[in-house]
Amino acid sequence: MDGLLQPVVDLFGPTWPLVWTLVKIVAIIAPLMICIAYLTLAERKVIGYMQVRIGPNRVGPLGLLQPIADGVKLLLKEVIVPSGASKGLFIIGPILAFAPVLAAWAVVPFSDGMVLANVDAGLLFLLAITSLEVYGVIVSGWASNSKYPFVGAMRAAAQMVSYEISMGFALVCVLMISASLNLSDIVMQQGQGRFADMGLGFLSWNWLPLFPMFIVFMVSGIAETNRAPFDVVEGESEIVAGHMVEYSGMAFALFFLGEYAAMWLVSALTSILFLGGWLSPVSFLPDGFHWLFIKVAAILFLFLWARATFPRFRYDHIMRLGWKVFIPITLTWVIVVAVWMLSPLSIWK
Amino acid sequence: MLENYFPVLIFILVGLAFGCVPIVLGRLAGPHRPDAEKLSPYECGFEPFEDARIKFDVRYYLIAILFILFDLEIAFLFPWATILKEIAATEGLRLFGFFEMMVFLGILLIGYIWVWKKGALEWE
């Protein structure tokens, strides 16, 4: 392999590390884009079957070309910039909503050693870059200079920051146990413990000792991505499509892609932080990327299931859940885990 | 050490580029036929009544301030959480390391209770 690549390395000379990094980035983004596209189809199919319909089935066999048809349709639509809008910010808005979700994948480990940047501050980077998403929402809502986007952006921003707090406290719990901000280390740490030695690795993962945090993190993840049942932001019956009302064509497509990319990201994070990432649940099966994919797919299915099942929350209920239920729970659990770790009963020696 | 972060920087730039490309493509591939009706702000078919830069509820502002306080608190918790294992392993430091953070969390808790009592978390 190295011998094969040598002529190429020589060709690029000192710029080789940059070129190699770009190759790896493309190797992450290209499959990710396909995953995002097919998640939209999967969502329509899954919800279709849950509502005793068959979902899209016209474009290609079983409707498998539907995402491509959707993409081409959006590409050929006019990108309308309203006369009253702040033009520059209006264009920057969707880019700001999409770029951070994509950039966050830089530190996500897919398998042992299979990570673009194995940085020690991985979790901190994730927390920082996913916070930037809220700017995309605020900027687009403000720049549209229209009432629905403005009200929608306000709601979305308040909701996103509220749930970020409970997510942050849940991360602190994971940190206490793993003693590292490096995502690969966090996964490896979950492979140790009494049950892992017995060959039942899945009982050693963080979801069990941190069960309340696991639930809080997952629900907060749904709220962070503004998905149903927390989708008041784009509640059709009240504020049409929230901050996306004035967007059309590819500008709208960016919000759409961003939302689905965020779903993949939150699911991948939940798998890595709580479900042992690429680790196999039992010792007689080999670890590997496929386990991460299975876990992520299972969590995404839960997302879609929740959308098909629950009615939309009222906005004051959403804020109450975030501020008055999740924050006390997470705060308490931080203290519980701290006491547990310092006591002789600690299982994380 | 720092060169580990180089791919992250590149990825952020690529991410931004990936955001720009669809908009440029859409602009090139899609039609461009503006007219006054199409470009007016959406208001369910009405002429817009007034400017959209309306007054908004002060509670959004309050939430933003509270978010900054709590998020800062979490940022302060991060380094402590990272070394908690070491604290637990070091004899003599154990109780100090624990109660130090409990005092810090206690102050946060008092503020949280006060905010709750004042009704800043109410939405009607």
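Respectively, the protein sequence lines represent chains A and B. Counting along the first sequence from 1, when you hit position 291 you're at 290 in numbering that gives the first Met the number 0, and nothing is skipped either side. Counting along the second sequence from 1, when you hit position 6 you're at 5 in numbering that gives the first Met the number 0, and nothing is skipped either side. Glycine is no exception: its CB is placed at the ideal position from the N, C-alpha and C atoms.
Taking buried to mean at least 16 other C-beta atoms within 10 Å of its own C-beta, is residue i buried or exposed?
i, result
"S342(A)", "exposed"
"M197(A)", "exposed"
"D230(A)", "buried"
"Q5(A)", "exposed"
"T89(B)", "exposed"
"R154(A)", "buried"
"D50(B)", "exposed"
"R226(A)", "buried"
"T129(A)", "buried"
"D56(B)", "exposed"
"Y60(B)", "exposed"
"A29(A)", "exposed"
"F95(B)", "exposed"
Go through its chain and collect everything with a Cβ distance to residue i's Cβ below 8 Å, but skip five positions before and after it.
i, result
"I326(A)", "I164, S165, F168"
"I46(A)", "G54, L303, R306, A307"
"A337(A)", "M175"
Say whether chain A places a C-beta atom closer than 8 Å to the C-beta of residue i.
i, result
"K84(B)", "yes"
"D34(B)", "no"
"I62(B)", "yes"
"G14(B)", "yes"
"I109(B)", "no"
"A17(B)", "Reading off the sequence shown, one finds Phe at residue 17(B), where the question assumed Ala. Yes - at least one Cβ of chain A is within 8 Å of the one on F17(B)."
"F66(B)", "yes"
"F69(B)", "yes"
"I9(B)", "yes"
"F95(B)", "no"
Name the chain A residues whose beta carbon is nearer than 8 Å to that of residue i?
i, result
"L24(B)", "L74, M249"
"L120(B)", "M318, R319, W322, K323"
Under 7 Å between beta-carbons, which chain A residues line up against residue i? List them in chain order, please.
i, result
"F55(B)", "M153"
"K37(B)", "I79"
"G105(B)", "Residues of chain A passing the Cβ test: none, with the nearest at roughly 10 Å."
If we cut at 8 Å on Cβ distances, does residue i have a partner in chain B?
i, result
"D230(A)", "no"
"P93(A)", "yes"
"S161(A)", "yes"
"N117(A)", "yes"
"S145(A)", "yes"
"E245(A)", "yes"
"L301(A)", "no"
"G167(A)", "yes"
"A195(A)", "no"
"A157(A)", "yes"
"L31(A)", "no"
"T14(A)", "no"
"T20(A)", "yes"
Using a C-beta to C-beta distance shorter than 9 Å, which residues of chain A count as neighbours of residue i?
i, result
"T89(B)", "In chain order: nothing, as chain A lies at least about 11 Å away."
"E42(B)", "S145, K146, Y147"
"E123(B)", "D315"
What residues in its chain sit with their C-beta under 7 Å from that of residue i, if we drop five residues either side in the sequence?
i, result
"V265(A)", "G220, E223, T224"
"I328(A)", "P211, V215"
"R313(A)", "none"
"F254(A)", "P93, A96, M243, Y246"
"F77(B)", "none"
"A98(A)", "none"
Can you list the residues of chain B that residue i reaches, using a CB-CB cut of under 9 Å?
i, result
"N56(A)", "Neighbours of N56(A) on chain B: none; closest Cβ ~27 Å, over 9 Å."
"W347(A)", "K84, A87"
"L180(A)", "F77, T81"
"T269(A)", "Those do not exist, as T269(A) stays about 18 Å from chain B at its closest Cβ, beyond 9 Å."
"V171(A)", "I73, L76, F77, W79, A80"
Leaving out five residues before and five after residue i in sequence, what residues of the same chain have Cβ atoms less than 6 Å from its Cβ?
i, result
"L125(A)", "A103"
"F273(A)", "N205, W206, F213"
Check the Cβ of residue i against every Cβ in chain B and list those closer than 7 Å, keeping chain order.
i, result
"L174(A)", "F77, A80, T81"
"Y37(A)", "Correct list: empty, because the minimum Cβ distance to chain B is about 18 Å."
"S82(A)", "L38, S39"
"I90(A)", "I22"
"F124(A)", "V7"
"I24(A)", "I9, F10, V13"
"T331(A)", "By Cβ distance, chain B contributes nothing, its closest Cβ being about 10 Å from T331(A), past 7 Å."
"A105(A)", "P6, V7, F10"
For a contact defined as C-beta to C-beta under 8 Å, what are the partners of residue i on chain B?
i, result
"I334(A)", "M101, L104"
"I164(A)", "F66, F69, D70, I73"
"I28(A)", "V13, F17"
"L357(A)", "Here chain A covers residues 0 to 348 and nothing more, so residue 357(A) does not appear."
"M340(A)", "L83, K84, A87"
"F97(A)", "G14, F17, G18"
> Can you list, in chain order, the residues of the segment 208-223 of chain A whose Cβ is nearer than 9 Å to any Cβ on chain C?
Replying inline: The question asks about chain C, but that chain is absent: this structure's protein chains are A and B.
> Hey, which unbroken runs of the alpha helix (DSSP H) at 4 residues or more fall wholly within the segment 185-266 of chain A?
Replying inline: 193-196, 210-223, 235-238
> Counting only runs that start and end within the segment 9-48 of chain B, where is the beta strand (DSSP E) found for 3 or more residues in a row?
Replying inline: Entirely contained in the segment 9-48 of chain B, not one beta strand (DSSP E) run reaches 3 residues.
> For the segment 45-88 of chain B, which segments carrying the alpha helix (DSSP H) assignment without a break, of at least 4 residues, lie completely within its bounds, in sequence order?
Replying inline: 57-81, 83-88
> In chain order, which beta strand (DSSP E) runs of at least 3 residues are fully inside the segment 77-145 of chain A?
Replying inline: Those beta strand (DSSP E) runs which fall completely within the segment 77-145 of chain A and span 3+ residues do not exist here.
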